[in-house]
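Novice: Before I ask anything, let me first share the structure, which is written out below as structure tokens.
2 protein chains.
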Amino acid sequence: MHGDTLSATFAALADPTRRAILARLTLGEASVSELAGPFEMSLVAVSKHLKVLETAGLISKSREAQWRPCRLETAPLRGVDDWLETYRRFWSESLDKLEAYAASLKRKEEKDAK
Amino acid sequence: MHGDTLSATFAALADPTRRAILARLTLGEASVSELAGPFEMSLVAVSKHLKVLETAGLISKSREAQWRPCRLETAPLRGVDDWLETYRRFWSESLDKLEAYAASLKRKEEKDAK
DNA sequence: AAGTTAATTAACTAATGAGTTTATTATGCA
DNA sequence: TGCATAATAAACTCATTAGTTAATTAACTT
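From first to last, the protein sequence lines stand for chains A and B. Residues 11 to 124 in the working numbering are what the first sequence spells out, letter by letter. Residues 11 to 124 in the working numbering are what the second sequence spells out, letter by letter.
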């Protein structure tokens with residue numbers, strides 16, 4: 011991920027409406043109107059927010075009749091996660107904690123898989 | 011971390027100059043002039059970038075004679091890390107990998123400590 | 001006291017961003 | 001064909017942002 015991509019990602023995430031849209035999309039695909047529903051702003055405004063997210067690669071759109079189902083794309087978020095890596099040592103004093111956390115996640119995964 | 015703080019954090023990070031400043035500060039404290047050195051823009055411009063970072067809580071400034079040493083503050087980055095948590099399951103297909111990575115880091119830490 | 005260095009403040013310009021309303025495109029349905 | 005729905009595009013307003021230069025504050029130096 012090169013610098014401009016990271017800038018576009020952060021800029022896209024710097025808006026609560028857009029973050030709320032991403033959060034909604036963790037539950038599954040949704041059309042533009044469905045995504046606009048909860049907000050007080052116009053549909054056009056939400057459509058523009060979606061354009062920003064799409065340009066940043068954070069969502070993709072498909073076509074289904076007159077609807078454009080949107081779905082979450084996480085590649086840019088992985089970019090953020092990678093970028094954060096440099097800074098984690100400043101707050102994760104104990105790598106033991108990370109290991110313990112990973113182990114607890116794994117236990118949960120195995121339990122959920124049953 | 012409430013919503014506006016997260017927005018301010020992402021907005022502050024959405025600029026390559028500011029991210030470069032943060033990267034520099036991982037090496038230790040630096041004055042405004044020292045931070046401005048590598049950039050082609052004016053000192054005033056860098057001073058403004060530092061103001062944005064300070065307002066977002068990403069750096070703090072102290073006083074030493076006529077200098078204002080800046081240092082990295084990672085609380086907002088931890089906020090980003092927490093926010094990312096919701097999305098990690100979309101790309102960390104294998105938690106085994108995370109566990110293996112944590113273990114390898116721990117081994118390195120123990121080796122380095124010798 | 002006078003001058004130098006470090007940094008901020010003030011005032012301004014140009015570009016970008018978020019929102020609006022109105023118009024247009026494209027699909028589905030009677 | 002004609003109409004309703006879903007979404008985008010165009011044109012515009014208002015606020016914010018990134019940068020500039022010039023002026024100001026504060027501390028050290030001679």
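We put the CB at the ideal spot given by N, CA and C, even for glycine.
1. Round the Cβ separation of residue 17 of chain A and residue 24 of chain B to the nearest angstrom and send it over; I've been treating them as touching at under 8 Å.
2. Whose Cβ in chain A lies nearer than 9 Å to the Cβ of residue 77 of chain B?
3. With a Cβ-Cβ cutoff of 7 Å, do residue 93 of chain B and residue 88 of chain A count as a contact?
4. Along chain B, which residues have their Cβ under 7 Å away from the Cβ of residue 56 of chain A?
5. Candidates A:22, A:96, A:83, A:41: which alpha carbon is nearest residue 75 of chain A's?
6. Output the distance between the C-alpha atoms of residue 128 of chain A and residue 79 of chain B, rounded to the nearest integer angstrom.
7. Closer than 8 Å between beta carbons: that is the criterion. Which residues of the segment 37 to 55 of chain A meet it against chain B?
8. For residue 65 of chain B, which option in B:52, B:83, B:43, B:49 has the closest C-alpha, if you only look at C-alpha atoms?
9. So if DSSP puts residue 71 of chain B in a beta bridge, which residue, or which two residues, is it bridged to?
10. Between which residues of its own chain and residue 29 of chain A is the CB-CB distance below 7 Å, once the five residues before and five after are set aside?
11. Indicate the three-state DSSP secondary structure (helix, strand or coil) for residue 18 of chain B in the structure shown.
12. Should residue 86 of chain A go down as buried or exposed, given a rule of 16 or more other Cβ atoms within 10 Å for buried?
13. Please confirm whether residue 92 of chain A has its beta-carbon closer than 7 Å to some beta-carbon of chain B.
14. To the nearest angstrom, how far is the alpha carbon of residue 71 of chain A from that of residue 59 of chain A?
15. Can the beta-carbon of residue 45 of chain A be found less than 7 Å from the beta-carbon of residue 31 of chain A?
16. For residue 40 of chain B, which of helix, strand or coil comes out of DSSP?
17. Per DSSP, what kind of secondary structure is residue 93 of chain B in: helix, strand or coil?
18. Taking the alpha helix (DSSP H) that residue 50 of chain A falls in, what are its first and last residues?
Specialist: Judging by the given coordinates:
1. Right, the Cβ-Cβ distance comes to about 5 Å (below 8 Å), so this counts as a contact.
2. Those do not exist, as residue 77 of chain B stays about 23 Å from chain A at its closest Cβ, beyond 9 Å.
3. The Cβ-Cβ distance between residue 93 of chain B and residue 88 of chain A does not fall below 7 Å.
4. Here the premise fails: no neighbours, minimum Cβ distance about 17 Å.
5. Comparing Cα-Cα distances from residue 75 of chain A to each of A:22, A:96, A:83, A:41, the minimum goes to A:41.
6. The requested residue 128 of chain A is not part of the displayed model; chain A covers only 11 to 124.
7. The segment 37 to 55 of chain A vs chain B, Cβ under 8 Å: nothing.
8. Taking only the C-alpha atoms, the option nearest residue 65 of chain B is B:83.
9. DSSP, once it has assigned bridges, lists B:80 as partnering residue 71 of chain B.
10. Closer than 7 Å at the Cβ level, and outside the excluded window around residue 29 of chain A, lie 23.
11. For residue 18 of chain B, the three-state secondary structure derived from DSSP is helix.
12. Classification for residue 86 of chain A: buried.
13. It does not; no Cβ of chain B falls within 7 Å.
14. C-alpha separation (whole angstroms): 13 Å.
15. Cβ atoms of residue 45 of chain A and residue 31 of chain A: closer than 7 Å.
16. Annotated three-state conformation of residue 40 of chain B is strand, per DSSP.
17. Correct three-state label for residue 93 of chain B: helix.
18. Premise fails: residue 50 of chain A is in no alpha helix (DSSP H) and is neither H nor E.
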